[in-house]
Each structure stands twice: as structure tokens, then as C-alpha cells.
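Chains as they are written, first to last, in the numbering used here: chain A, 4 to 445; chain B, 125 to 398; chain C, 7 to 300.
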């Protein structure tokens with residue numbers, strides 16, 4: 004009986020062992036299938052890249068549809084994922100240095116090109132994408148715009164849009180004052196017009212003195228007229244900001260200031276105030292970028308602003324004896340930079356975004372002035388059309404001084420411009436401060 | 125007669141002050157009901173149209189509650205540790221005689237002498253090197269550190285005011301420092317605990333720069349960072365911003381109302397019993 | 007020292023260590039070390055990217071002391087301190103004395119007076135910008151009432167600082183009030199009862215009894231007010247940004263504007279170090295004279 008028991012046990016054990024063995028095989032099979040499919044999945048997802056794209060557009064910004072479309076199309080086409088991240092303007096600028104040094108830095112981020120970009124490139128935070136951008140693609144972009152995003156021969160970014168600063172004016176008020184805008188050819192003509200407008204009891208110019216950058220447009224645009232491109236490059240590389248051409252700009256600006264052309268309390272007015280006042284029809288003119296079109300409506304008391312046919316734009320008049328060409332423009336070239344750890348896919352994403360199809364659509368919707376050749380024919384808004392034409396014809400498009408010269412010199416320019424507008428420094432002191440700041444940054 | 129006149133003048137004075145103080149806040153709350161254009165033209169008056177959109181769009185936005193919650197976490201986390209660490213430290217400074225007492229106290233005061241703006245970059249690098257970047261601790265730890273100085277001063281001052289007989293009596297009974305701290309000091313310190321809480325909570329609640337630098341992940345944004353949603357490159361929706369800011373006042377006010385009860389509860393019965 | 011028993015001494019050191027270590031660690035890591043590093047950066051020219059490379063010695067400091075705007079900001083800081091000590095604190099004390107007792111509506115008043123402190127700086131700056139707006143704000147309405155042309159305080163070189171001082175008072179007097187209230191609450195009831203029995207009226211009680219007992223708290227509050235004034239930053243930026251023409255800068259806004267925003271972190275650190283040294287000297291002087299026994 005014991006023997007039976009032993010036999011029983013043995014056979015039970017045998018069965019169990021056999022079962023176990025069999026289960027083992029099945030388990031192993033499952034395991035193999037599992038590992039294989041996991042490998043398959045991770046293999047395909049190892050190929051899928053996540054791109055972090057940092058932009059400055061709020062949800063309801065007109066820029067968003069184009070961006071979202073580009074993202075959707077790109078994701079569908081390549082199977083890569085795009086993570087959109089949003090920061091507003093001032094927060095973005097405050098965070099830039101630390102953000103680029105953190106581990107989850109964005110792959111793509113917004114830029115106004117110019118000095119800040121050069122600093123970033125010099126410190127090694129940008130990626131050289133020369134190899135990734137094909138010549139074919141390059142030829143689709145406006146040369147000037149593409150060049151703005153190079154540094155010492157390396158391509159570090161892709162442009163998206165351009166902007167121009169010009170004198171916006173309120174047709175009704177201008178007519179009321181009896182001014183003929185087509186007769187404003189030289190700076191002195193502008194001064195005459197201001198006098199005329201003022202004697203008609205209308206505020207000639209709206210200015211956002213508190214934010215300073217609107218003021219620097221006046222002074223620096225005069226630089227462009229008086230000095231031209233060569234002198235600017237000379238000053239940029241070798242100094243000499245105190246040269247007579249630039250002192251002259253200060254004198255001319257003081258001539259304007261002496262006429263008291265600005266609204267009451269202009270030194271306390273912010274840019275939104277300036278836009279709102281213009282949109283409310285409280286002044287005849289404002290020297291501002293083409294985004295004034297949308298902003299004057301958004302900031303106005305009514306929310307509607309001035310009617311399209313009540314607005315006009317004319318370029319900064321020439322100055323007698325100025326070395327610059329009257330067709331030279333002041334404005335921006337904005338676009339996207341790639342951080343040093345950005346994958347090739349990030350560049351491909353942006354090349355997809357900055358393409359004729361999407362740019363034409365955005366241009367048609369009046370979102371911005373495109374950089375892709377041929378996309379500007381889709382522009383419907385007549386102001387943007389005018390600007391596109393101006394920039395295309397311009398031989399010298401100067402990027403805003405406060406961006407181009409970098410964070411330090413740029414802010415000095417803003418400061419001295421505002422001091423000139425407040426009448427508290429002399430033209431010589433203004434240029435001297437810029438020179439000092441330039442030297443400090445060499 | 126004289127008494128009620130005095131009271132009358134006192135109330136008059138208080139009311140006038142309260143009105144003056146309150147007007148700006150009223151402007152803020154009302155501003156949320158106006159349009160951006162109206163804000164410029166009619167800052168003080170009642171809104172011509174009570175535009176509820178701004179407040180509603182904020183309240184219905186789930187992100188608002190997320191950011192608010194994050195701010196609550198940061199605020200409470202910071203305050204808890206500040207209360208704990210600072211009171212312990214101040215306790216030692218107030219009651220324990222040891223070499224270096226004065227020196228260490230002054231060491232902590234250093235935190236008050238230094239503007240936070242300068243420390244941004246070094247602090248960022250430090251937090252990054254600890255691998256804490258992008259976590260709540262990146263915000264809470266520096267806030268604790270910078271809040272300690274102020275808190276320690278207040279606690280120490282308060283503790284020193286406590287009558288020493290209490291201390292001696294407890295000691296005779298063989299009470300250790302730690303026991304004394306937990307059984308006597310803390311319970312009797314409600315006013316100062318509440319005061320320090322209010323200060324720390326408010327400081328953390330309104331802190332904009334630190335979370336901006338430390339946090340990249342939108343799901344950890346504090347409420348001041350949420351204001352960004354209403355701003356874009358060329359336009360800021362000020363009426364929405366005002367509505368948003370006014371709403372964020374509410375939790376802060378609640379903190380305050382709850383805590384100020386403790387500040388005022390006072391020491392009824394007194395600590396000196398005969 | 008009365009209790010020299012061994013375990014008491016042990017207890018003392020044991021307590022010392024446990025009680026001090028947490029604060030000490032956090033504080034050293036996140037405050038002291040960054041300060042030391044900032045001092046190190048102050049000898050460099052550094053735009054914040056990568057590591058500081060351009061050693062410039064004391065150049066940042068010499069530039070700083072020659073800089074007209076910095077001198078202005080120094081002066082402004084002292085005006086702010088004066089405002090704090092001679093206007094804000096006495097007011098806070100007065101109000102605290104009035105409402106620390108259980109008078110009707112005490113909670114209401116306390117909340118109202120404290121609200122400005124709770125309001126975030128961006129909110130405060132924005133609101134006061136409206137109030138000061140010469141076109142549409144409260145100031146305009148008041149002047150309009152008197153038939154005068156609106157004055158744009160914030161844009162006026164001479165008036166802007168006054169505008170800021172008003173806002174500073176508005177925002178921060180509540181916190182001092184609360185500190186005094188907490189201090190007043192700690193005064194034992196027996197003393198107050200005794201005073202009442204002796205026939206002391208409210209003025210006498212306040213002047214002769216409450217304030218003297220409150221003196222350590224007052225000294226403390228003065229100390230904090232001075233240091234706080236020197237660090238003032240948040241409220242100025244949204245209101246004037248340091249303008250117009252740089253007349254309303256405090257030392258810290260100067261630091262932020264000329265240092266951080268211009269990506270001159272070495273220079274900014276130098277300013278920070280200078281502010282630190284000024285605060286440090288004041289702290290030492292204060293401790294040696296007024297707070298010797300505290």
C-alpha cells in the first residue's frame with residue numbers, strides 16, 4: 004500500500020512536473036510573442052520622435068490655425084509627435100537663458116533674430132542646421148529673410164514673417180487739417196504737416212512713451228535715413244556711434260519734440276494706450292509696425308477701431324543729405340531657432356510649416372507678411388500688401404535696433420530715444436550713451 | 125460724552141481709510157465686468173454693461189483651477205515647512221544658551237539682506253544640479269529658504285516675550301527642550317504662528333518670478349503664470365486679466381480670514397497664572 | 007546656568023542639532039550659496055548663457071558708483087525708508103491700537119486694510135496705473151472736479167516718485183498693522199485690567215502701557231521696514247518701470263532693469279552685492295545700537 008502511495012505520489016509528481024513543463028513552454032511562447040511585439044512596437048516608436056515647439060501665441064491668436072494645421076499634417080505624414088508649448092512675450096524673454104540650459108528645453112523656439120540670437124549662438128545653444136536645409140528649400144525663401152537667421156556662416160533658424168514700421172495716419176483727421184500726405188517727401192515736410200495738424204486743434208502723434216520701444220522707432224528710422232546701411236554696419240563692427248549723421252538724427256527728433264506733437268501724458272502712455280488712442284481717432288498719426296492694423300481695433304474703446312478706408316500708411320520721409328535710400332525700411336524678421344539638442348525632425352517640421360501652402364493661407368487671412376516667395380500674392384489686406392511691396396523693393400531692411408543690437412545696447416537705444424522725446428538729453432549725449440554701451444559689450 | 129465722541133472720530137477715521145484703501149480693489153473687481161475699451165475710458169464707474177463673460181470664462185476654464193491648485197500646494201508646502209523649521213530654530217535662539225547663538229541668528233538674517241532678483245541664476249543652476257528642476261520642490265525649497273529669515277525674526281521676538289517663569293517651572297519638572305517646545309511654546313504661539321503663516325502664504329501665493337524660472341511643465345504652473353493665457357505679443361486682454369486676478373484674491377482672502385481669527389484669539393486667561 | 011546635570015547638557019546639544027539642522031541646511035543651500043556665487047559672478051561680464059568667462063575684476067563696481075541712475079536709485083530708497091518710518095509705521099500702529107480690541111467691525115477693518123498686501127503686484131500695478139491715468143483715471147476725475155488740466159503723475163519726472171510712495175504706503179502698511187496687532191494681543195490682560203482699575207483712559211493706556219510693552223515689536227518692525235524698503239521691487243516695475251527717465255528706480259529695480267533684463271548678469275550680481283553690503287551695514291549698526299538687548 005505504501006508502495007502504491009509512493010507510486011501515486013511519483014506519478015502525481017510526474018504529472019505535475021510534466022504540467023509544469025508544458026506550462027513552461029506555453030509561458031515561454033507567450034513570453035517570446037510578448038517580447039517580439041514589444042520590440043516591434045518600441046522599434047516603431049523608437050523611430051517616432053517627439054518635437055517640442057515653443058511659441059508665443061495665445062489660443063485665440065490668428066497665428067494658431069496655421070501652426071495647428073502644420074502640426075496635424077506633419078504628424079500624419081511622419082508619425083512623429085509634436086508637443087506645443089506656449090509662453091507669453093515678457094515671460095518668454097525672462098525665461099530664455101534658464102530655459103535653454105535646462106534638460107527639457109524646447110527643440111524649436113521663437114526669435115526676433117538679431118543680437119539676442121547672436122548671443123545664443125555664441126554660447127553654443129543653437130544648432131547648426133545648414134546640413135538639414137536643402138538648397139531647394141532655401142530657394143523658396145526670400146534671401147534677405149533667410150540670411151537674417153544665419154550667424155557667422157552657420158544657418159541657425161528659419162524665418163516666418165517680416166514686418167515694417169511706417170507712419171499710420173487717420174484720413175479724416177488729416178483731411179480736416181488740410182494736409183496732403185503725398186506732399187510729405189522730406190522730414191521738414193513732416194514737421195510742417197505736424198504744425199498744420201496742431202493748429203487745427205488735433206493731436207498730431209500718438210506715442211507710447213512708457214514702453215519706450217515705440218519711441219525708438221523715430222530716432223532709429225532717422226538713423227537709417229541719415230546714415231544708411233554701410234554706416235550702420237561700420238558702427239556695428241567698429242563703433243563710432245557718435246558720428247555726425249547720428250547726432251543729426253537726434254537734432255531732427257528734437258525739432259519734432261519742440262513742436263509738442265504728442266498727446267498729453269505721452270510719457271505715461273503704454274503701447275496699448277497708443278494703439279487704443281489711435282483707434283479711437285484721438286490723433287492723426289503714429290509711427291508703428293504693420294501690426295498696428297489689428298491692435299488699434301483691439302485696444303480701442305469700441306473694439307472696432309478705425310475703418311479700413313479711414314486709415315493710410317506712408318513711409319518715413321527722406322532727409323535732405325541723408326546717405327540712406329528713401330526705400331530703406333525698418334522692421335522685423337521673425338522666425339524660429341533650433342536648440343543645440345534639436346533633432347533633424349524638428350527642422351523638417353518647421354520646413355513644413357514655412358511652406359508656400361500654409362504661408363499663403365496665413366497671408367490671405369492677414370496674419371503676417373510671409374517670407375516664402377510667391378505667398379505674398381495671396382495677401383488680401385491692402386496694408387499688408389503695401390508693406391510686402393515695400394520690403395520686397397527695399398535694398399536695406401534694418402531689423403529693429405532694440406532687437407538687432409542685443410539686450411543691452413538695445414535697451415540703451417530705447418532709453419535714450421525716450422529721453423530725447425522727453426527733451427532731457429542732447430543728441431550728443433544720446434549717441435555717446437549708445438557708444439559707451441557698445442564699447443562695454445565688446 | 126467724551127468717550128463716544130472719541131469713538132465716533134475713530135470710526136470716521138477708520139471708515140475713510142477703509143474707503144481709500146478699498147477703491148483700487150473695487151476698480152479691479154469691477155474691471156472684470158468691463159470691456160477692454162471701457163477699462164480705458166471708464167475706470168472708476170460701474171460697468172455700463174455687466175459683462176459676465178470674463179469671469180465666467182475664467183471660472184469655467186479647467187486650467188484656472190489647475191493653476192490655482194498648484195499655487196495652493198506651493199503655498200501650503202512652503203508655509204508648513206517654514207513654520208516648522210523657523211519656529212524650531214527661533215526656539216533654540218530664544219531659549220538655549222550656547223556659543224554661537226548670536227552668530228547663527230545673524231547668519232539667518234542674511235537672507236533678508238539679499239535681493240532675490242540677483243539669486244535667480246545661481247539658484248536655477250543649483251536646483252538644476254540637484255535634479256529638482258520641473259518638480260514642485262524647485263519652487264517650494266527656495267521659497268522656504270528665503271522665507272526663513274523673516275519668520276525666525278518674528279518667532280524669536282515672540283518667544284522672548286514669553287515669561288521665563290513658565291520655562292523655569294517646566295524645567296524643574298524635568299521637561300526637555302523638545303517637550304517644552306511641543307507642549308508649551310507651540311500652543312501658546314498661535315498669534316505668531318498665524319501671522320507668519322499669513323505672510324508666508326501670501327508671499328508664496330503671489331510669487332511670479334520663481335515658478336516662471338523653475339517650472340516648464342504647464343501642469344505645474346502657478347496662477348500668476350496663468351495670466352499669460354490672456355496676453356499675446358501685441359495685445360493684452362486687461363479685462364480678463366483683472367477678472368482673473370480678482371478671482372485669485374478669493375483664496376488669499378480665505379486664508380487670511382481663517383488665520384486672523386488665530387492672531388486675534390489671543391491669550392485669554394494669560395500665561396501667567398498667579 | 008542652573009541645571010548642570012549631564013543629561014540636561016546632552017539634551018541641550020541634542021536639541022540644538024535636531025532643531026537647527028533642517029533650517030540650516032535648506033537656508034545654506036538655497037540662499038547662502040547662491041549669494042556667494044552671485045558675488046563670484048560680479049567679477050565677470052556674463053550674459054547668462056553657459057559659464058562666465060570674461061573676468062573684469064572690479065569694473066562692474068566702478069561703473070556702478072559712477073552711474074547717475076544708481077545714485078538716483080540710492081536716493082529713492084532712502085526716501086522710501088523715510089516714508090516707511092515716519093508715515094507708514096506710525097499709521098499702522100495707530101490703526102492697530104484702534105482695532106486690536108474687540109470693537110465692532112474689527113474683522114471687517116482688518117481685512118480691508120490687509121487686502122492690498124494680499125493683492126498680487128501685477129494687480130496692484132495695473133489698478134494704480136488706471137487710477138493715475140491722466141485721461142480717464144481717478145486722478146483725472148478729481149482734477150476735473152477742480153477744473154484743472156489733468157496731471158499725468160506717472161509720466162511726470164517730479165511727481166512720479168510721489169505716486170509710487172502712495173502706492174507703497176497703500177500696499178504695505180497692512181502687514182505692519184498685523185504685526186502690531188499680534189504683538190498687542192500678547193500683552194497680558196492683567197496688566198490692562200490693572201491700568202483700567204487705576205483709571206487710565208485709552209490714550210494713557212496706549213501711550214504709557216501698550217507702546218512701551220510693544221517696543222521690542224516696534225523695533226523689530228522698524229528693522230524689517232528698513233530692510234524691506236531697501237529690497238523694494240515688485241510694486242515699482244508695473245507702475246513706472248523705473249521711469250520716466252529713470253527717476254523712480256529703487257536699487258533692486260535698477261538691478262533687474264540694468265542687469266537681468268539687459269542680460270548683464272555679472273553687473274546685476276555686483277549691484278546685488280552692493281545692496282547686500284548696505285543692508286548688512288545697517289543691520290549691524292541697528293543691532294549694536296537699538297536692538298542690543300533683543
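Ideal Cβ positions, reconstructed from N, Cα and C, are used throughout, including at glycine.
| request: Verify the CB distance criterion: does residue 275 of chain C have a CB-CB separation below 8 Å to chain B? | output: yes
| query | So residue 286 of chain B is in the alpha helix (DSSP H); what residue range does that whole segment cover? | reply | Counting along the chain, residue 286 of chain B falls outside any alpha helix (DSSP H), and DSSP gives it neither H nor E.
| task | Determine the chain C residues that contact residue 182 of chain B at a beta-carbon separation under 8 Å, and present them in chain order. | result | The premise fails here: residue 182 of chain B is roughly 14 Å from chain C at the closest Cβ pair, so nothing lies under 8 Å.
| task | For residue 47 of chain C, decide whether its Cβ has a neighbour in chain A, counting only Cβ atoms nearer than 8 Å. | result | no
| said: Please determine whether the Cβ atom of residue 388 of chain A lies at a distance below 7 Å from any heavy atom of the ligand GDP. | reply: Absent from the structure shown: the ligand GDP. Ligands present: none.
| request: Would you kindly report the start and end of the unbroken beta strand (DSSP E) that includes residue 337 of chain A? | output: 332–341
| said: Measuring alpha carbon to alpha carbon, tell me which residue in A:64, A:59, A:60 and A:72 is nearest residue 364 of chain A. | reply: A:72
| Who are the neighbours of residue 90 of chain A on chain B, taking C-beta pairs under 7 Å? | 352
| said: Considering only their Cβ atoms, is the gap separating residue 191 of chain B from residue 338 of chain B smaller than 8 Å? | reply: no
| query | Buried or exposed: where does residue 46 of chain A fall if 16 or more other Cβ atoms within 10 Å of its Cβ makes it buried? | reply | With a pLDDT of only 48 at residue 46 of chain A, under the threshold of 50, the placement of this residue in the model should not be trusted; the figure read from the coordinates follows. The residue is exposed, with fewer than 16 neighbouring Cβ atoms inside 10 Å.
| Nearest residue (CA-CA) to residue 63 of chain C, options C:50, C:163, C:103 and C:252 | C:50
| request: To the nearest angstrom, report how far apart residue 294 of chain B and residue 286 of chain B are at their CA atoms. | output: 13 Å
| task | Anything in chain A within Cβ reach of residue 116 of chain C, meaning under 9 Å, just list it in chain order. | result | Residues of chain A passing the Cβ test: none, with the nearest at roughly 34 Å.
| field | Span separating the alpha-carbon of residue 43 of chain C from that of residue 101 of chain A | value | 16 Å
| Neighbour list for residue 218 of chain B in chain C, Cβ cutoff strictly below 9 Å | Under the 9 Å cutoff, chain C gives no residues; its nearest Cβ is about 10 Å from residue 218 of chain B.
| query | With 16 as the cutoff for other CB atoms within 10 Å, does residue 244 of chain A come out buried or exposed? | reply | buried
| query | Is there at least one Cβ from chain C nearer than 8 Å to residue 190 of chain B's Cβ? | reply | no
| Reduced DSSP secondary structure (H/G/I, E/B, other) of residue 289 of chain C | helix
| query | Are three or more beta carbon pairs between the stretch 250–263 of chain A and the stretch 340–358 of chain A nearer than 8 Å? | reply | no
| query | Taking only beta-carbon atoms, is residue 265 of chain A less than 8 Å away from chain C? | reply | no
| request: Indicate the three-state DSSP secondary structure (helix, strand or coil) for residue 281 of chain C in the structure shown. | output: helix
| residue 223 of chain C versus chain B: which residues are under 7 Å apart at the beta carbon? | 281
| field | Contacts of residue 18 of chain C in chain A (Cβ-Cβ under 7 Å) | value | In chain order: nothing, as chain A lies at least about 44 Å away.
| said: Can you pull the chain C neighbours of residue 83 of chain B, defined as C-beta to C-beta under 7 Å? | reply: Any property of residue 83 of chain B remains undetermined from this structure, which presents chain B solely from 125 to 398.
| query | Should residue 147 of chain B be flagged as near chain A, meaning a C-beta pair shorter than 8 Å? | reply | no
| field | Whole-angstrom distance between residue 186 of chain B and residue 153 of chain B, CA atom to CA atom | value | 21 Å
| For residue 133 of chain A, the three-state DSSP class (helix, strand or coil) | coil
| Given residue 229 of chain B, which residues of its chain have a CB within under 8 Å of its CB, disregarding the five upstream and five downstream residues? | 217, 276 and 280
| Start and end of the alpha helix (DSSP H) containing residue 297 of chain A? | 295–301
| Given a threshold of 16 other Cβ atoms within 10 Å of its Cβ, counted over all protein chains shown, does residue 303 of chain B qualify as buried or as exposed? | exposed
| query | Are any of the Cβ atoms in chain B nearer than 8 Å to that of residue 94 of chain A? | reply | yes
| Can you tell which of C:230, C:201 and C:260 has the C-alpha that lies nearest to the C-alpha of residue 216 of chain C? | C:201
| said: Can you give me the C-alpha to C-alpha distance between residue 319 of chain B and residue 348 of chain A, rounded to a whole angstrom? | reply: 54 Å
| said: For residue 429 of chain A and residue 361 of chain A, what's the separation of their Cα atoms in angstroms? | reply: 48 Å
| request: May I ask you to list the residues that DSSP assigns as paired with residue 162 of chain A? | output: A:338
| task | Sort out for me which residues DSSP pairs residue 86 of chain A with in a bridge. | result | A:55
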